[in-house]
Amino acid sequence: MKNQQKLIDKIDWTLVLLLFLFFIVSSVSIYSAQTDNQYGANFVKSQAMWYIIGAGVIGFSLLFDPSQYRKLSWILYGFGIMLLLGLIVLPHCQQGCIVAERNGAASWYQIPKLGLIQPSEFMKIFLILTLSNIIASHHEKNTIKTAKTDFYLLLKIGIASLLPIGLVLHNDLGTSLVMMAIASGLILISGITWKIIVPLYASVISIGGTILYLVVFAPDLLKKYLGVKAYQFSRIYIWLDPSIDPEGDGYHLIRAMTAIGSGEITGKGFLGKEVYLPERHTDFVFSIVAEEFGFVGASVVICLFFVLIYHLTKTALQTKDPFNSYVCAGIICMIAFHVFENIGMSIQVLPITGIPLPFISYGGSSLMGNMLAIGLIFSIRFYHREYMFSSDN
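Counting with the numbering used here, you get residues 19 to 411 for the letters of the sequence shown.
This is the structure we're talking about:
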C-alpha cells in the first residue's frame, strides 16, 4: 500500500490537470468546427481516441528513466532519419501507397486502422533527445571551456540538426522551422560563449532581414541571381497584404482575422460562430476560441500555455541532471514556437506556415508527438523527484 502511495506521489499531477484542460478546450473547439458539416466526420471522437492513445504513450514513457532515453537517443535519431528518407525514396500517391501524398506533399505514412502518421512530428522529439545528449556529453568530456571546444560543440549541434531539417524542408516548411527553433534554443543555453553566439545570430538575422527586404522591394534581383520563382514570394506578399488575393491565398488569413475580431471581448457564445473558415479544426482552431469566447476565452487558452511553459521551466531548473535540463529546454522551445507561430499567423503577426496549436488542433501525429514530449517530462519528474527537490547539501 505504501509503495502504491509512493508511486502516486511521484506522478506530476499538475501536468495531468493541464492535459485534461487542454483536452476540454480541444474537444469544445473541434466540436464547434465540425458543425459546419463540411467534413462529414466526427473529429471529436477521433481526437478523444488520440488523447487516449497519447495517455498510453505517456504511460509507456514512464517505463524508461531519463538515463535510458539518453542511451537510446542516437538509435531514435537514426530511426527518425530512416523514416524521413522513406518519404523521399518510397513511391507515393493519393491512395493505396505506403507513403500518402496530400496537397502535393508526401509527408505521411499510411498505417492500416490508424490512418496517416507524420514521422517529422516524432523526429522533433528525437532531435531534442539527441541534441541534449550531444551537449551533455560534450561538457562531460571538456571540463575546461575554450573557444575551440565551444566552436566544436556548435559544429556538432549544427550537423545533427541540418540533416533532419534538410529532409523535411522540401515538404514541410513549418516543421523545419520548429526544428530550427529547437536547435537555436539549445544553442543559446548550451554554454557556448557569447563571442560566438552573438555574431552567429546577428548574421542570421541580417541575412533574413536582407532577404525579406529583397522580396518586398527588389524581387527581380532574387529571380535573376538566385533563380527564385515568382510564386515563391506569394506567402510573404499575402502575409503583408492578404487583400491582394482575397479569394485565393489570402482567403484563410482574412477569414481568420475576421472571425477573431468579431468575437470582441466575450465572444458570440458556444456554437455561435458566424464566419465560415475551411480547415478551422486544424491550423486555425484558435479562430474558433476567439470568435465564440472572445478576448476572454483566447486569453484563458494563452494563459494555459504560459502555465505549461512555466511548469516545464521549473522542472528544467530543479533537476540536477544537465541532460534532463536540456531536454526540458528543447521541449519548451518546441511548444513555445508552435504557440507563437500558430496564434501569430492567425492574427497576421507572422506568415502562414501550417503549424498546429499544440494539444488543441486536431491531428493524431501532432498530438502523439506532443504527448511523447510530455511523457519525457513525466519520466524526468517520476524518476528524479526526490533528487530534484533535495537540498544542495
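C-beta atoms are modelled at their ideal positions from N, C-alpha and C, and glycine is treated no differently.
Check, Outcome
"Residues that I129 bridges to, as DSSP identifies them", "G133"
"Straight-line Cα distance separating D238 from I262", "19 Å"
"Range of the contiguous alpha helix (DSSP H) that encloses A51", "31-51"
"Beta-carbon proximity of S179 to I153, cut-off 9 Å", "no"
"Cβ-based burial, V293 [other Cβ within 10 Å; buried from 16]", "buried"
"Three CB pairs or more closer than 8 Å across the segment 91-106 and the segment 158-176", "no"
"For V367, the first and last residue of its enclosing beta strand (DSSP E)", "Taken as a continuous stretch (DSSP letters only), V367 belongs to no beta strand (DSSP E), as it is neither H nor E."
"Rounded straight-line distance, which links the Cα of G209 to that of M389", "28 Å"
"Sub-9 Å separation of F41 and P376 beta-carbons", "no"
"Inter-residue CB distance, I392 and L37 (contact presumed, cutoff 8 Å)", "7 Å"
"Closest residue to A66 among S45, G74, F82 (Cα-Cα distance)", "S45"
"Cut-off 6 Å between Cβ atoms - residues of its own chain near M406, not counting five sequence neighbours on either side", "Unreliable positioning characterises M406 in this predicted model, as indicated by a pLDDT of 45, which lies under 50. A coordinate reading is not provided."
"Cβ-heavy atom distance, W31 to the ligand HEM, below 8 Å", "As presented, the structure is devoid of all ligands, the ligand HEM included, so that no description of it is given."
"At least three beta-carbon pairs within less than 8 Å, the segment 202-216 to the segment 134-141", "no"
"Close Cβ partners of V319 (< 8 Å) along its chain, the five nearest in sequence each way excluded", "V43, F304, V307, I378"
"F396 versus H329 - alpha carbon distance", "12 Å"
"Simplified DSSP state of A178, which is helix, strand or coil", "helix"
"Pair within 9 Å by beta-carbon distance, I416 and V345", "Lying before the first or after the last residue shown, residue 416 is absent from the chain, which here runs from 19 to 411."
"Outcome for D30 when other beta-carbon atoms lying within 10 angstroms are tallied against a minimum of 16", "buried"
"Reduced DSSP category for R298 - H, G, I as helix; E, B as strand; rest coil", "coil"
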